[in-house]
Amino acid sequence: MTEQSIAAMIDSHIHLDNINDPHQLSLLAALMQEQGINGAIIPAVEPSLWSRQLQVANQFGYAFSLGIHPWYVKQHWQQQISELATQLAEESRTRSRLVAIGECGLDGNYRDNFDWQLHSFSAQLALAKQYNLPVIIHAVKAHEQVLKLVEQAELCRGGVIHGFYGSPELATRYIRLGFKLGIGAILLNENAKKLQQVIQDVPLDCLVIETDIAQVNAVEQTTKTLNDPHFGLILPLLIKKIANLQKKSAVLVSEHVFCNTVQLFDL
15 MTEQSIAAMI
25 DSHIHLDNIN
35 DPHQLSLLAA
45 LMQEQGINGA
55 IIPAVEPSLW
65 SRQLQVANQF
75 GYAFSLGIHP
85 WYVKQHWQQQ
95 ISELATQLAE
105 ESRTRSRLVA
115 IGECGLDGNY
125 RDNFDWQLHS
135 FSAQLALAKQ
145 YNLPVIIHAV
155 KAHEQVLKLV
165 EQAELCRGGV
175 IHGFYGSPEL
185 ATRYIRLGFK
195 LGIGAILLNE
205 NAKKLQQVIQ
215 DVPLDCLVIE
225 TDIAQVNAVE
235 QTTKTLNDPH
245 FGLILPLLIK
255 KIANLQKKSA
265 VLVSEHVFCN
275 TVQLFDL
(Lines of atoms letter the chains of each structure in order from A and count residues from 1; the text may use other names and numbers.)
(Lines give C-alpha, C1' and ligand atoms only; values in the text may rest on other atoms or scores of the structure.)
Protein backbone atom coordinates (compact mmCIF):
# COMPACT_ATOMS: atom_id res chain seq x y z
CA MET A 1 0.00 0.00 0.00
CA THR A 2 1.36 3.45 -0.90
CA GLU A 3 0.26 6.87 0.28
CA GLN A 4 -1.29 7.41 -3.18
CA SER A 5 -3.59 4.41 -2.73
CA ILE A 6 -5.52 5.84 0.20
CA ALA A 7 -7.58 8.93 0.85
CA ALA A 8 -6.48 11.85 2.98
CA MET A 9 -6.31 10.97 6.67
CA ILE A 10 -7.22 12.66 9.94
CA ASP A 11 -5.58 11.62 13.18
CA SER A 12 -8.49 11.59 15.63
CA HIS A 13 -6.29 11.58 18.74
CA ILE A 14 -2.63 12.63 18.90
CA HIS A 15 -0.88 14.33 21.83
CA LEU A 16 1.37 16.54 19.73
CA ASP A 17 1.75 18.97 22.61
CA ASN A 18 3.84 16.27 24.36
CA ILE A 19 6.72 17.11 22.02
CA ASN A 20 8.70 19.88 23.66
CA ASP A 21 11.39 20.38 21.03
CA PRO A 22 10.07 22.87 18.40
CA HIS A 23 12.29 21.39 15.69
CA GLN A 24 11.04 17.85 16.29
CA LEU A 25 7.46 19.09 16.36
CA SER A 26 7.82 20.91 13.04
CA LEU A 27 9.45 17.85 11.46
CA LEU A 28 6.65 15.59 12.60
CA ALA A 29 3.95 17.99 11.38
CA ALA A 30 5.68 18.16 8.00
CA LEU A 31 5.92 14.38 7.81
CA MET A 32 2.23 14.03 8.67
CA GLN A 33 1.37 16.33 5.79
CA GLU A 34 3.73 14.44 3.47
CA GLN A 35 2.09 11.11 4.30
CA GLY A 36 -1.42 12.43 3.70
CA ILE A 37 -2.42 13.21 7.28
CA ASN A 38 -3.87 16.64 6.67
CA GLY A 39 -5.85 16.96 9.87
CA ALA A 40 -5.55 16.06 13.53
CA ILE A 41 -7.31 16.46 16.86
CA ILE A 42 -5.17 17.23 19.88
CA PRO A 43 -6.93 16.06 23.07
CA ALA A 44 -6.63 17.78 26.43
CA VAL A 45 -5.21 16.38 29.65
CA GLU A 46 -5.50 18.98 32.43
CA PRO A 47 -5.99 22.75 32.86
CA SER A 48 -2.31 23.59 33.43
CA LEU A 49 -1.45 22.13 30.00
CA TRP A 50 -4.27 23.64 27.96
CA SER A 51 -2.33 26.75 26.92
CA ARG A 52 0.48 24.63 25.42
CA GLN A 53 -2.06 22.38 23.70
CA LEU A 54 -3.92 25.32 22.14
CA GLN A 55 -0.66 26.94 21.05
CA VAL A 56 0.36 23.79 19.14
CA ALA A 57 -3.12 23.39 17.64
CA ASN A 58 -3.15 26.99 16.43
CA GLN A 59 0.42 26.81 15.11
CA PHE A 60 -0.38 23.92 12.77
CA GLY A 61 -4.08 24.54 12.16
CA TYR A 62 -5.26 21.41 13.97
CA ALA A 63 -8.48 20.92 15.90
CA PHE A 64 -8.51 20.25 19.64
CA SER A 65 -10.70 19.13 22.51
CA LEU A 66 -10.84 20.40 26.09
CA GLY A 67 -11.26 18.24 29.16
CA ILE A 68 -9.74 16.65 32.24
CA HIS A 69 -8.15 13.23 31.87
CA PRO A 70 -9.12 10.82 34.69
CA TRP A 71 -5.48 10.44 35.77
CA TYR A 72 -5.38 14.17 36.55
CA VAL A 73 -8.68 14.61 38.39
CA LYS A 74 -7.90 16.14 41.78
CA GLN A 75 -9.72 16.52 45.06
CA HIS A 76 -10.61 20.04 43.93
CA TRP A 77 -12.36 18.62 40.87
CA GLN A 78 -15.07 21.29 41.15
CA GLN A 79 -12.45 23.98 40.55
CA GLN A 80 -11.11 22.06 37.54
CA ILE A 81 -14.63 21.84 36.11
CA SER A 82 -15.13 25.56 36.72
CA GLU A 83 -11.93 26.26 34.76
CA LEU A 84 -13.16 23.99 31.98
CA ALA A 85 -16.53 25.75 31.83
CA THR A 86 -14.80 29.14 31.63
CA GLN A 87 -12.46 27.97 28.86
CA LEU A 88 -15.32 26.40 26.91
CA ALA A 89 -17.27 29.65 27.06
CA GLU A 90 -14.24 31.55 25.74
CA GLU A 91 -13.60 29.09 22.92
CA SER A 92 -17.28 29.13 21.98
CA ARG A 93 -17.27 32.92 21.88
CA THR A 94 -14.20 33.11 19.63
CA ARG A 95 -15.34 30.29 17.30
CA SER A 96 -12.06 28.42 17.71
CA ARG A 97 -11.08 24.96 16.48
CA LEU A 98 -12.64 23.33 19.55
CA VAL A 99 -14.43 20.16 18.38
CA ALA A 100 -15.02 17.98 21.47
CA ILE A 101 -14.90 17.52 25.23
CA GLY A 102 -12.09 15.26 26.44
CA GLU A 103 -10.00 13.37 26.99
CA CYS A 104 -12.27 12.49 29.91
CA GLY A 105 -13.63 9.30 31.42
CA LEU A 106 -12.86 6.70 34.07
CA ASP A 107 -9.78 4.62 34.80
CA GLY A 108 -10.25 1.77 37.26
CA ASN A 109 -6.51 1.38 37.66
CA TYR A 110 -6.49 4.68 39.55
CA ARG A 111 -8.50 3.90 42.67
CA ASP A 112 -7.26 6.73 44.90
CA ASN A 113 -9.14 9.37 42.93
CA PHE A 114 -11.91 7.19 41.47
CA ASP A 115 -14.75 8.91 43.35
CA TRP A 116 -13.52 12.27 42.08
CA GLN A 117 -13.27 10.78 38.58
CA LEU A 118 -16.96 9.87 38.71
CA HIS A 119 -17.98 13.41 39.64
CA SER A 120 -15.65 15.00 37.09
CA PHE A 121 -16.74 12.73 34.27
CA SER A 122 -20.43 13.36 34.97
CA ALA A 123 -19.82 17.10 34.95
CA GLN A 124 -17.89 16.91 31.67
CA LEU A 125 -20.68 14.90 30.05
CA ALA A 126 -23.11 17.62 31.12
CA LEU A 127 -20.88 20.26 29.52
CA ALA A 128 -20.72 18.20 26.32
CA LYS A 129 -24.50 18.19 26.20
CA GLN A 130 -24.69 21.90 27.00
CA TYR A 131 -22.31 22.81 24.17
CA ASN A 132 -23.58 20.12 21.77
CA LEU A 133 -20.13 18.56 21.46
CA PRO A 134 -19.00 14.94 21.14
CA VAL A 135 -16.86 13.45 23.89
CA ILE A 136 -13.51 11.65 23.71
CA ILE A 137 -13.64 8.98 26.41
CA HIS A 138 -10.81 7.18 28.17
CA ALA A 139 -12.34 3.99 29.61
CA VAL A 140 -10.16 1.46 31.42
CA LYS A 141 -11.50 -1.23 33.75
CA ALA A 142 -14.62 0.87 34.33
CA HIS A 143 -16.82 0.20 31.32
CA GLU A 144 -20.02 -0.48 33.25
CA GLN A 145 -19.73 2.83 35.08
CA VAL A 146 -18.88 4.65 31.85
CA LEU A 147 -21.86 3.13 30.04
CA LYS A 148 -24.20 4.00 32.91
CA LEU A 149 -23.10 7.63 33.10
CA VAL A 150 -23.21 8.05 29.32
CA GLU A 151 -26.74 6.65 29.19
CA GLN A 152 -27.83 9.01 31.95
CA ALA A 153 -26.26 12.00 30.20
CA GLU A 154 -28.39 11.55 27.04
CA LEU A 155 -25.71 13.12 24.87
CA CYS A 156 -26.59 14.87 21.64
CA ARG A 157 -23.64 13.75 19.53
CA GLY A 158 -21.99 10.67 21.03
CA GLY A 159 -18.23 10.55 20.66
CA VAL A 160 -15.24 8.21 20.61
CA ILE A 161 -14.12 5.45 22.94
CA HIS A 162 -10.42 6.22 22.73
CA GLY A 163 -7.98 3.32 22.42
CA PHE A 164 -10.77 0.76 22.36
CA TYR A 165 -9.70 -2.71 23.37
CA GLY A 166 -12.75 -4.67 24.47
CA SER A 167 -14.99 -7.50 23.39
CA PRO A 168 -17.31 -7.43 20.39
CA GLU A 169 -20.22 -7.30 22.84
CA LEU A 170 -18.80 -4.22 24.56
CA ALA A 171 -18.17 -2.59 21.19
CA THR A 172 -21.82 -3.15 20.27
CA ARG A 173 -23.02 -1.52 23.49
CA TYR A 174 -20.98 1.61 22.83
CA ILE A 175 -22.01 1.76 19.19
CA ARG A 176 -25.69 1.58 20.19
CA LEU A 177 -25.13 4.71 22.29
CA GLY A 178 -23.83 6.58 19.24
CA PHE A 179 -20.11 6.09 19.82
CA LYS A 180 -17.31 5.27 17.44
CA LEU A 181 -14.33 3.13 18.37
CA GLY A 182 -10.91 4.81 18.38
CA ILE A 183 -8.49 2.28 16.91
CA GLY A 184 -4.79 2.73 17.60
CA ALA A 185 -1.46 0.96 17.83
CA ILE A 186 -2.79 -2.04 19.75
CA LEU A 187 -4.33 -3.32 16.51
CA LEU A 188 -0.84 -3.69 15.05
CA ASN A 189 0.03 -6.22 17.75
CA GLU A 190 -0.58 -9.66 16.27
CA ASN A 191 -1.54 -10.95 19.72
CA ALA A 192 -4.48 -8.52 19.95
CA LYS A 193 -6.94 -11.20 18.86
CA LYS A 194 -9.90 -9.71 20.71
CA LEU A 195 -9.54 -6.36 18.95
CA GLN A 196 -9.02 -8.06 15.61
CA GLN A 197 -12.33 -9.86 16.11
CA VAL A 198 -14.03 -6.55 16.87
CA ILE A 199 -12.69 -5.06 13.63
CA GLN A 200 -14.00 -8.05 11.70
CA ASP A 201 -17.45 -7.73 13.30
CA VAL A 202 -18.28 -4.00 13.33
CA PRO A 203 -19.29 -1.80 10.39
CA LEU A 204 -16.69 0.59 8.99
CA ASP A 205 -19.00 3.47 9.92
CA CYS A 206 -18.12 2.84 13.58
CA LEU A 207 -14.34 3.33 13.35
CA VAL A 208 -11.88 6.21 13.58
CA ILE A 209 -8.08 5.88 13.72
CA GLU A 210 -5.62 7.47 16.11
CA THR A 211 -1.95 7.73 16.99
CA ASP A 212 -2.36 8.69 20.68
CA ILE A 213 1.24 8.87 21.98
CA ALA A 214 2.85 5.93 20.15
CA GLN A 215 4.56 7.96 17.44
CA VAL A 216 5.01 10.99 19.69
CA ASN A 217 7.18 8.91 22.02
CA ALA A 218 9.23 7.64 19.07
CA VAL A 219 9.84 11.20 17.93
CA GLU A 220 11.02 12.30 21.37
CA GLN A 221 13.51 9.43 21.51
CA THR A 222 15.43 10.52 18.46
CA THR A 223 15.13 13.04 15.66
CA LYS A 224 17.03 10.60 13.42
CA THR A 225 13.85 8.54 13.16
CA LEU A 226 12.17 11.33 11.22
CA ASN A 227 14.94 11.37 8.64
CA ASP A 228 14.90 7.60 8.12
CA PRO A 229 13.28 6.82 4.72
CA HIS A 230 11.69 3.72 6.27
CA PHE A 231 10.01 5.75 9.01
CA GLY A 232 6.24 5.92 8.78
CA LEU A 233 3.36 7.06 10.94
CA ILE A 234 0.93 4.43 12.09
CA LEU A 235 -2.30 5.64 10.45
CA PRO A 236 -1.54 4.07 7.04
CA LEU A 237 -0.61 0.85 8.83
CA LEU A 238 -3.91 0.89 10.72
CA ILE A 239 -5.85 1.38 7.49
CA LYS A 240 -4.02 -1.52 5.89
CA LYS A 241 -4.69 -3.77 8.91
CA ILE A 242 -8.39 -2.89 9.03
CA ALA A 243 -8.64 -3.52 5.28
CA ASN A 244 -7.05 -6.94 5.68
CA LEU A 245 -9.31 -7.91 8.56
CA GLN A 246 -12.48 -6.74 6.82
CA LYS A 247 -11.36 -8.05 3.42
CA LYS A 248 -11.96 -4.64 1.87
CA SER A 249 -9.74 -2.29 -0.08
CA ALA A 250 -7.51 0.19 1.71
CA VAL A 251 -9.11 2.94 -0.38
CA LEU A 252 -12.58 2.09 0.90
CA VAL A 253 -11.40 1.87 4.51
CA SER A 254 -9.51 5.16 4.34
CA GLU A 255 -12.49 6.96 2.82
CA HIS A 256 -14.83 5.63 5.50
CA VAL A 257 -12.67 6.47 8.51
CA PHE A 258 -11.96 9.92 7.05
CA CYS A 259 -15.68 10.64 6.61
CA ASN A 260 -16.47 9.21 10.05
CA THR A 261 -14.02 11.62 11.67
CA VAL A 262 -15.22 14.62 9.66
CA GLN A 263 -18.85 13.93 10.47
CA LEU A 264 -18.36 13.17 14.16
CA PHE A 265 -16.29 16.26 14.89
CA ASP A 266 -17.96 18.51 12.32
CA LEU A 267 -14.62 19.32 10.68
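Numbering-wise (the working numbering), the sequence shown opens with residue 15 and increments by one.
Ideal Cβ positions, reconstructed from N, Cα and C, are used throughout, including at glycine.
Residue i by DSSP, collapsed to three states: which one?
i	result
Ser62	helix
Lys207	helix
Leu39	helix
Leu184	helix
Ile213	helix
Asp226	strand
Cys28	In the sequence on display, residue 28 carries Ile and not Cys. Ile28 falls in the strand class under three-state DSSP.
Leu281	coil
Asn274	helix
Glu158	helix
Leu169	coil
Distance, Cα to Cα, residue i vs residue j?
i	j	result
Lys155	Leu80	23 angstroms
Phe178	His152	9 angstroms
Glu204	Ala185	20 angstroms
Val70	Ser263	34 angstroms
Thr108	Gln138	21 angstroms
Met46	Asp35	17 angstroms
Gly192	Cys118	17 angstroms
Val160	Pro84	12 angstroms
Gln11	Asp226	Because the chain is modelled from 15 through 281, residue 11 falls outside the range shown and cannot be assessed.
His133	Trp91	8 angstroms
Val276	Leu169	19 angstroms
Leu68	Ser181	35 angstroms
Lys194	Gly172	8 angstroms
Val216	Gly53	25 angstroms
Gln144	Leu251	37 angstroms
His270	Ile150	19 angstroms
Ser26	Leu249	10 angstroms
Ala140	Gln94	14 angstroms
Gly122	Phe128	7 angstroms
Phe272	Asp126	38 angstroms
Leu120	Val87	10 angstroms
Leu39	Tyr76	13 angstroms
For the beta strand (DSSP E) containing residue i, list its first residue and its last residue.
i	result
Val174	Gly173 to His176
Ile223	Leu221 to Ile223
Pro25	The sequence shown places Asp at residue 25, rather than the Pro named in the question. Run containing Asp25: Met23 to Asp25, per the beta strand (DSSP E) assignment.
Leu195	Phe193 to Ile197
Could you spell out the range, first to last residue, of the alpha helix (DSSP H) harbouring residue i?
i	result
Lys254	Ile248 to Gln260
Ile8	There is simply no residue 8 to check, as the chain begins at 15 and stops at 281 in what is shown.
Asp126	Segment: none, Asp126 is in no alpha helix (DSSP H) and carries neither H nor E.
Is there at least one non-hydrogen atom of the ligand FAD closer than 7 angstroms to the beta-carbon of residue i?
i	result
Leu184	Ligands in the displayed structure: none, and consequently the ligand FAD is not present.
Exercise. Count the C-beta pairs between the segment 60 to 69 and the segment 249 to 258 that are closer than 8 angstroms, then say yes if the count reaches three, no if not.
Key: By the criterion of at least three beta-carbon pairs nearer than 8 angstroms, the segment 60 to 69 is not in contact with the segment 249 to 258.
Quiz item: Can you list the beta strand (DSSP E) stretches of 3 or more residues lying completely in the segment 48 to 120, in chain order?
Solution: Along the segment 48 to 120, the beta strand (DSSP E) occurs as fully enclosed runs of 3 or more residues at 51 to 56 and 77 to 80, listed in sequence order.
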